[in-house]
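Colleague: Residue numbers (the working numbering): 268 to 366.
Even for Gly, the Cβ is constructed at its ideal location relative to N, Cα and C.
Submitted below is the structure of interest, expressed as structure tokens.
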């Protein structure tokens with residue numbers, strides 16, 4: 268398959284992730300959008316690595332996946348902690364946590 272197909276799919280996935288982050292107010296949907304953007308970038312890295320026949324892209328993907336897993340673990344822990352105190356996880360009410 269040509270490289271353009273992989274890059275087109277990656278751009279489509281990234282666009283859906285951006286729309287999920289920008290348009291939704293639920294933190295779980297926002298985290299899913301962020302993960303979709305990470306996976307779109309990973310697909311582009313692997314596609315370019317396979318096209319150029321180097322392993323740099325796959326190695327970078329390993330670190331991105333590790334970072335994304337840590338981000339989700341910390342984010343979900345924060346959501347649970349906020350829900351226990353506020354009994355809501357609406358992002359509009361999160362601005363009350365400032366200062």
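(1) On a Cα-Cα basis, can you pick out the residue from 281, 352, 329 and 353 that is closest to residue 299?
(2) Just to confirm, is the Cβ distance from residue 316 to residue 324 under 8 Å?
(3) According to the neighbour-count rule (16 or more other Cβ atoms, all chains shown, within 10 Å of its Cβ), is residue 305 buried or exposed?
(4) Restricting to Cα atoms, I'd like to know which of 320, 358, 292 and 332 is closest to residue 303.
(5) Beta-carbon within less than 7 Å of residue 294's beta-carbon, same chain only, minus the 5 sequence neighbours each way: which residues are those?
(6) Quick test of your reading: residue 312 and residue 288, contact by CB under 8 Å. State the CB separation rounded to the nearest angstrom.
(7) Do you know how far the Cα of residue 314 is from the Cα of residue 334?
(8) Could you tell me the alpha carbon to alpha carbon distance between residue 351 and residue 296, rounded to whole angstroms?
(9) Taking Cβ to Cβ, would you say residue 272 is nearer than 8 Å to residue 310?
Modeller: On the basis of the supplied data:
(1) 281
(2) Cβ atoms of residue 316 and residue 324: closer than 8 Å.
(3) It counts as buried.
(4) 332
(5) 346, 356 and 358
(6) Between residue 288 and residue 312 the Cβ distance is about 20 Å, and since that is not below 8 Å, they are no contact.
(7) When rounded, the distance between both Cα atoms is 20 Å.
(8) 19 Å
(9) no
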